[in-house]
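Encoded as structure tokens, the structure appears first; notes follow it.
In our numbering, the protein residues as written are 163 to 406.
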């Protein structure tokens, strides 16, 4: 689906041709030739799930702002929060993708850590996205994130995340990168339920993983039908609200 380019000639400005995990701000977070399409894939998913400019969103593992370069301009000032332990990635994303003026205008918030301990008060999150995060974490790390998110998300919020599906669960520990790990959906669903989330596997294409929604109890599911999301449904719902 993605990654159709041959990795023969390295384009230093975009990182195309470098292996995932290479010391280039685009290639480090995944195949550089997919950088644009992954951005679009996630942004379209979130907007089709109801993300609007007034919502507050956390981008877990925001990296070099692959998604942030679309979300930061879209959301109201101060409503984008990024968590990323590799500070150099965020700094490169700012310099190469959005610029300092965008930071001044939109005031995104960042924590350079693999947790949310820097935020003493609940963030009041409406949406959380963790694209290609749980495909590299042990179950204990996933548990840690779900535990923290349950404290920072609104009852009407939802986490949208990807993971690799398999018949057996990864049993190791720690952060595995650039290698990948996989889990059974039943295992992830049981873990999610411990922290007040309901897991729903989504019908939203991903080149290598599966999308899932971890819904809080009051999340509005009116835009979903059997796990499928469609832009036409978003437009139809908005039109009905304005004409009713």
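From the three backbone atoms N, C-alpha and C, an ideal C-beta is built for every residue, glycine too.
Quick caveat: nothing in here was measured; it's all calculated off a predicted structure.
Looking only at its own chain, which residues have a Cβ that is under 6 Å from the Cβ of residue 293, when we skip the five neighbours before and after it? Leaving aside the five residues that flank residue 293 on each side, the residues in its chain whose CB is nearer than 6 Å to its CB run, in chain order, 204, 324.
My understanding is that residue 245 touches residue 267, with C-beta atoms under 8 Å, so please give their C-beta distance in whole angstroms. Under the criterion of beta carbons closer than 8 Å, residue 245 and residue 267 do not qualify as touching, at roughly 21 Å.
Residue range of the beta strand (DSSP E) that residue 373 falls in? Looking at the DSSP string, the run of the beta strand (DSSP E) that includes residue 373 is 372 to 377.
Tell me, please, which residues DSSP counts as bridged to residue 292. Per the DSSP secondary-structure output, residue 292 pairs in a beta bridge with 323.
Mapping DSSP to helix, strand and coil, what is residue 343? Reduced to three states, the DSSP call for residue 343 is coil.
Using the Cβ count rule (16 or more neighbours within 10 Å means buried), how would you classify residue 318? Around the CB of residue 318, fewer than 16 other CB atoms lie within 10 Å, so the residue is classed as exposed.
Just confirm the distance between the C-beta atoms of residue 236 and residue 215, as a whole number of angstroms; I'd bet it's less than 8 Å. Going by Cβ atoms, the distance from residue 236 to residue 215 rounds to 6 Å, so yes, they are a contact pair.
Report all residues from its chain with a CB closer than 8 Å to the CB of residue 254; omit the five preceding and five following residues, and keep chain order. Taken in chain order, the residues that qualify are 187, 226.
Under 8 Å between the Cβ atoms of residue 384 and residue 399? Against a cut-off of 8 Å, the Cβ pair of residue 399 and residue 384 comes out as a contact.
When we look at the beta-carbon of residue 330 and count the other beta-carbons within 10 Å, is it buried (16 or more) or exposed? Flag for residue 330 reads exposed.
On the three-state DSSP scale, how would you describe residue 263? Three-state DSSP puts residue 263 in a helix.
Residue 211 versus residue 394 - alpha carbon distance: If you draw a straight line from the Cα of residue 211 to the Cα of residue 394, it comes to about 12 Å.
Would you call residue 404 buried or exposed, if buried means 16 or more other Cβ atoms sit within 10 Å of its Cβ? Looking at its Cβ environment, which holds fewer than 16 other Cβ atoms inside 10 Å, residue 404 is exposed.
Give a yes or no on whether the C-beta atoms belonging to residue 191 and residue 291 are separated by under 8 Å. Taking the C-beta atoms as reference points, residue 291 is found no nearer than 8 Å to residue 191.
Given residue 228 as reference, the closest of 218, 195, 380, 217 once Cα atoms are compared: Of the candidates 218, 195, 380, 217, the residue whose Cα lies closest to the Cα of residue 228 is 195.
Name the two residues that bound the continuous beta strand (DSSP E) containing residue 272. Per DSSP, residue 272 is one residue of the beta strand (DSSP E) stretching across 271 to 273.
With distances taken between CB atoms, is the gap from residue 219 to residue 242 smaller than 8 Å? Cβ atoms of residue 219 and residue 242: closer than 8 Å.
Can you tell me where the alpha helix (DSSP H) holding residue 331 begins and where it ends? Careful: residue 331 lies outside any alpha helix (DSSP H) and carries neither H nor E.
Endpoints, alpha helix (DSSP H) assigned at residue 255: Segment 249 to 255, the alpha helix (DSSP H) holding residue 255.
Within 8 Å, do at least three Cβ pairs link the stretch 295 to 309 to the stretch 335 to 347? With three or more CB-CB distances shorter than 8 Å, the stretch 335 to 347 counts as touching the stretch 295 to 309.
Which residues does DSSP pair with residue 299 in a beta bridge? Partner(s): 337.
Could you check what DSSP says for residue 168 in three-state terms: helix, strand or coil? Unreliable positioning characterises residue 168 in this predicted model, as indicated by a pLDDT of 43, which lies under 50. The coordinate reading is nonetheless provided below. Of the three classes helix, strand and coil, the one that applies to residue 168 here is coil, per DSSP.
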